[in-house]
């Protein structure tokens, strides 16, 4: 048990970190946030450094890291100063892998954008009609070629 002056209650921590109280409970279940001490009245009391930890978690999520990856980053940082080689990947390794994923998503989005611009330029207005047109710019590769008719574009 702890006294009220030892830390922050759930609502205070959630407000300070910009999350809701359910997020705190969820992060506890996931092991990202240690289960807090409780007051004699049963209220959860978190250490003040929990605010910074929650901000780090949210920042990592905004960078595209999953909660599993965030947990791995947090674990690696706690073992960073230990003897021997790290068992888990650190920020450099995970950031490099995330950058590859981001670059792939950017390439996919560029392809999607190009297809949408082409569809707009071609005047496509009906997917069902466009899918049957030989000049449709949308990627209907799964359709059999014989089902396409040679008519005006979209």
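In this note's numbering, the protein residues as written are 12 to 165.
For glycine and all other residues, C-beta sits at the position ideal for the given N, C-alpha and C.
These numbers were taken from a predicted model, which means no experiment stands behind them.
Per the DSSP secondary-structure output, residue 20 pairs in a beta bridge with 56. The segment 92-140 is shown to contain whole alpha helix (DSSP H) runs of 4 or more residues at 102-133, in chain order.
By the beta-carbon neighbour count (other beta carbons within 10 angstroms, threshold 16), residue 24 is buried. With contacts defined as CB atoms closer than 8 Å, residue 72 and residue 62 fail to qualify as a contacting pair. Here residue 50 carries a strand assignment [DSSP, helix/strand/coil]. Excluding the 5 residues flanking it on each side, residue 19 has same chain C-beta neighbours closer than 6 Å at 57, in chain order. In the DSSP assignment, residue 84 falls within the alpha helix (DSSP H) that extends over 78-89. Leaving aside the five residues that flank residue 41 on each side, the residues in its chain whose CB is nearer than 8 Å to its CB run, in chain order, 78, 82.
A direct Cα-to-Cα measurement between residue 26 and residue 54 gives close to 16 Å. Residue 150 sits exposed, since fewer than 16 C-beta atoms from the chains shown fall within 10 Å of its C-beta. For residue 143, no alpha helix (DSSP H) segment is defined, and its DSSP state is neither H nor E.
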